[in-house]
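Peer 1:
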Amino acid sequence: MKMKTLALILACILFGAGPSRAADGPQHQHHHPGSAPAEFAAPPSDALKDSRRWVRYPEPLRLHTLANMRDHLKTLGDIQAALAQGSFDTASTLAEQRLGMSSLGMHGAHEVAKYMPLEMQSAGSAMHRTASQFALVAKDASVTADLKPVLAALARLNDTCVACHAAFRLQ
Numbered sequence: 106m107k108m109k110t111l112a113l114i115l116a117c118i119l120f121g122a123g124p125s126r127a128a129d130g131p132q133h134q135h136h137h138p139g140s141a142p143a144e145f146a147a148p149p150s151d152a153l154k155d156s157r158r159w160v161r162y163p164e165p166l167r168l169h170t171l172a173n174m175r176d177h178l179k180t181l182g183d184i185q186a187a188l189a190q191g192s193f194d195t196a197s198t199l200a201e202q203r204l205g206m207s208s209l210g211m212h213g214a215h216e217v218a219k220y221m222p223l224e225m226q227s228a229g230s231a232m233h234r235t236a237s238q239f240a241l242v243a244k245d246a247s248v249t250a251d252l253k254p255v256l257a258a259l260a261r262l263n264d265t266c267v268a269c270h271a272a273f274r275l276q
């Protein structure tokens, strides 16, 4: 796959490019200075109800965990940047060392797990396992240059993050 195609695919993933709104037919949207565009308007009130399960952590551990999650998000961005450059080995190393099973000690997973409900522990373990699987797929792509399995593995990794964040929130 050519690098331009790879960069375009990753840009679509990163920036959420989708079908053009123009294809939906004529729209009469007015934007008033000082108001948010329609796509940033507040959702209906029933969408504001948050049904995620609260998980109570001691404050220092909560702050540590939130910082860890931000690092996970940054790592996903670093992985995408590496893939955009065709640096599959770099993407593999980032995934394994910062997200994969090899990263558990660095994140203090044993200490944090004590405060997690079993379902949250399972979700976290799934993310770390999926990151390690992604690392293997990305390493293979450094030989095959086949991007499809890499993007599919990255999507599975992202799905594990979304599933946990959709189910739990820290208190």
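Numbering (the working numbering), first residue to last: 106 to 276. Think of the CB as a built atom: it goes at the ideal place given N, C-alpha and C, for glycine as much as any other residue.
Please list the segments of the beta strand (DSSP E) lying wholly inside the region 148-177, counting only runs of 3 or more residues, in order along the chain.
Peer 2: Within the region 148-177, the complete beta strand (DSSP E) runs of at least 3 residues are 158-160.
Peer 1: Can you give me the start and stop residues for the beta strand (DSSP E) that L275 sits inside?
Peer 2: Segment F273 to L275, the beta strand (DSSP E) holding L275.
Peer 1: Drop a sphere of 10 angstroms on the beta-carbon of G130, count the other beta-carbons inside from all chains shown, and report buried for 16 or more, exposed for fewer.
Peer 2: Annotation note: pLDDT 44 at G130 (below 50); position unreliable, coordinate value reported separately. Exposed, by the Cβ-count rule.
Peer 1: Report yes if the CB atom of H212 is closer than 7 Å to the CB atom of N173, and no otherwise.
Peer 2: For H212 and N173, yes; Cβs fall inside 7 Å.
Peer 1: Look at the alpha carbon of D155 and the alpha carbon of P165, and state the distance between them as a whole number of angstroms.
Peer 2: Their Cα atoms are separated by approximately 24 Å.
Peer 1: By how many angstroms is the C-alpha of P163 removed from the C-alpha of L259?
Peer 2: Rounded to whole angstroms, L259 to P163 spans 32 Å at the Cα level.
Peer 1: What is the residue span of the alpha helix (DSSP H) that A243 lies within?
Peer 2: First-last of the alpha helix (DSSP H) with A243: L223 to T249.
Peer 1: Applying the 10 Å Cβ sphere with the 16-neighbour rule, what's the burial state of T249?
Peer 2: Exposed, since its Cβ has fewer than 16 Cβ neighbours within 10 Å.
Peer 1: Here's the rule I'm using: 16 or more other beta-carbon atoms within 10 Å means buried, otherwise exposed. How should V242 be labelled?
Peer 2: Buried, because 16 or more other Cβ atoms sit within 10 Å of the Cβ of V242.
Peer 1: Mapping the DSSP letters down to three states, classify S204 as helix, strand or coil.
Peer 2: First, the residue type needs correcting, since residue 204 is Leu and not Ser in the sequence shown. In this structure, L204 counts as coil in the three-state DSSP scheme.
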